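Comments concern the structure below.
There are 2 protein chains.
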Amino acid sequence: MDEPAPRPKRTRIQREKRELIGEAALEVFSRHGFRGSTIDQIADEAGMSKPNLLYYFKNKEEIFTTLIQRLMETWLAPLRAMDAAGDPQSEIRSYIRRKMEMSRDFPRESRLFANEILQGAPRILPLLEGELRELVDEKATVIAAWMREGRLKKSDPYHFIFAIWATTQHYADFDVQVRAVLGEKRGGEGRFEDAARFLEGLFLE
Amino acid sequence: MDEPAPRPKRTRIQREKRELIGEAALEVFSRHGFRGSTIDQIADEAGMSKPNLLYYFKNKEEIFTTLIQRLMETWLAPLRAMDAAGDPQSEIRSYIRRKMEMSRDFPRESRLFANEILQGAPRILPLLEGELRELVDEKATVIAAWMREGRLKKSDPYHFIFAIWATTQHYADFDVQVRAVLGEKRGGEGRFEDAARFLEGLFLE
DNA sequence: TTAACGTTTGTCCAAACGGTCAAAAATTTC
DNA sequence: GAAATTTTTGACCGTTTGGACAAACGTTAA
């Protein structure tokens, strides 16, 4: 975390296998959290032996942190993309759409993140208090300005952002519940589109 | 799950100790999920030895299911209380308020529930597909009627309910993140009141 | 006082856990 | 193709885990 860490040179196989392991680890960690997951499970999922896996990652911790570090970038990208110079309505709409697509296309990433936060964010708290907070401060200011100018319905910009996070991620993290409640007919693939439309109506106009 | 189970007669000590263990288990399970928690941790938290704890509950599974079964009742109560004969605006407002109070006063229960769902709801899926679904169907019908009568802004009643769940529970499940982002000043006790006011504005009018 | 019952503890076990290691196997480099 | 290097494996280790058990302890009621 201090030194720049002299970017390790990796062979083709190392890159491929680390990728494969990351994929498997995502599957396992996102369901059971850090403590609830075992190296054996991940190795199984990746189709290799435990010692072989540990040849590519020095321990369980390193697999997890590698995963969550990569994730955080992807995770913040949609909010980063929100443009102060753009039209408020379509900026918010795009933001909701993007977050909703992430819930649909990367539910495991969402659950991994949720798991980490639920456990008290032991591994990423500094990131939340630093990078995330600064980003939200910045965008909240933008939103507040839009509201002041009457281009967006007035409310608390921080809780406005929280509400978008909560509702969009709900469709990834609580997917089982959503499908259970909606049943066969409405719980199919269309549920994400329905949800996106609902959320646009909720947050805009 | 089949037989009515002949209500076990319990001594005073048994009732007290089972209560004490439940309290401790809630603390531990809500942070680490089922697989991530150990009986030793729970016993420690309850201030007793592991064998002693296992005298009151026959295994880890039973502690968990006892906990989550009791929880489900409490959890659904606010939605149950929503009255078709009442005024839509104040019914929704009360519902949001109640859910928000639960996030503030029972965050561990909320996290326990979230953990279970994140893991795919292995222990309560039947309940979600049965009791919960029926309840939501019923209340969604009520809300739909209110909307048709023009007494509530028109939208999808199911996603409307999901959105209330997601936003209110966010303040319990993602509390660490909320506080990290809001910082010292706005992240204090007042955050629940701020959130409740924001949510009323979002869902009503 | 003692028999009966409820409670608590120390000890133990087999399985699962995170991780190591030396040696075999496969691959790349010369 | 041989040598050097990378990758894979099986065997192993110390620790933690869920759980069993008998013995000890405490409490009450005859």
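Taken in order, these protein sequences are the chains called U and S.
Counted from 1, the first sequence has number 295 at position 144 by our numbering; the numbering is strictly sequential.
Counted from 1, the second sequence has number 256 at position 105 by our numbering; the numbering is strictly sequential.
We put the CB at the ideal spot given by N, CA and C, even for glycine.
In this text the structure is predicted, and so the values were computed from the model without any measurement.
Relative to F264/U, the option among F325/S, I315/S, D345/S whose CA is nearest is F325/S. For S306/S, the chain U residues whose Cβ falls inside 8 Å of its Cβ are F349, G352, L353, in order along the chain. The beta-carbon of V293/S is placed no less than 9 Å from the nearest beta-carbon of chain U. Contact between the region 183-195 of chain U and the region 183-197 of chain S is present: three or more C-beta pairs spanning the two stretches fall below 8 Å. With a cut-off of 8 Å on Cβ pairs, the region 202-220 of chain U is in contact with the region 163-175 of chain U, counting three or more such pairs. Rounded to whole angstroms, the separation of the alpha carbons of R259/U and T217/S is 28 Å. Membership of S241/S in the alpha helix (DSSP H) is indicated by the continuous run 239-256. Taking a beta-carbon distance threshold of 9 Å, G187/S counts as an interface residue toward chain U. Within the same chain, A235 come within 6 Å of V293/U by CB-CB distance, once the 5 residues on both sides are set aside. L279/U and I214/U have their C-alpha atoms some 20 Å from each other. Secondary structure at K336/U: helix, using DSSP grouped into helix, strand and coil. Note on N210/U: under 16 other CB atoms within 10 angstroms of its CB, so exposed under the neighbour-count rule. Given a length threshold of 3 residues, the region 252-310 of chain S has no whole run of the beta strand (DSSP E) inside it. Taking one beta carbon from each stretch, the region 232-248 of chain S and the region 327-340 of chain S have fewer than 3 pairs nearer than 8 Å; the two do not touch. Residue contact check for Y309/U against chain S: a CB pair falls below 9 Å. Non-local beta-carbon contacts of R302/U in its own chain, meaning distances under 7 Å to residues more than five positions away in sequence, involve P239 in chain order. Interface annotation, I268/S: in contact with chain U, CB-CB separation under 9 Å. For R221/U, the enclosing alpha helix (DSSP H) has its first and last residue at 211-231. Across the structure, R255/U and M233/S are spaced so that their CA atoms are roughly 31 Å apart. In chain order, L269 make up the part of chain U whose C-beta sits under 7 Å from the C-beta of R262/S. DSSP places T319/U in the helix class (H, G or I) of the three-state scheme. By the rule that beta-carbons nearer than 9 Å mark a contact, T217/S does not touch chain U. In summary, no residue of the region 209-240 of chain U has a CB separated from any CB of chain S by less than 9 Å.
About 5 Å separates the beta carbons of Q192/U and V179/U, which is inside the 8 Å limit, making them a contact pair.
The region 265-278 of chain U makes no contact with the region 305-318 of chain S; the number of CB pairs closer than 8 Å stays below 3.
Ranked by how close their Cα comes to the Cα of L227/U, the residues F349/U, R342/U, R284/U have R284/U in first place.
Shown here for R342/S: same chain residues with a beta carbon closer than 8 Å to its own, the five before and five after excluded, namely Y322, V329, R330, L333 in chain order. Straight-line spacing of the CA atoms in N266/U and T319/U works out to 16 Å. Within the region 315-328 of chain U, contact with chain S at the beta-carbon level (separation under 9 Å) is assigned to W316, A317, T318, T319, Q320, H321, Y322, D324, F325, D326, V327, Q328. Boundaries cannot be given for G341/S, as no alpha helix (DSSP H) includes it and DSSP labels it neither H nor E. Beta-carbon to beta-carbon, A317/S and A347/U are separated by about 14 Å, too far to satisfy the 8 Å threshold. Taking CB atoms only, F313/U has a neighbour in chain S less than 9 Å away. In this model, E252/S and T225/U are separated by some 33 Å (Cα to Cα).
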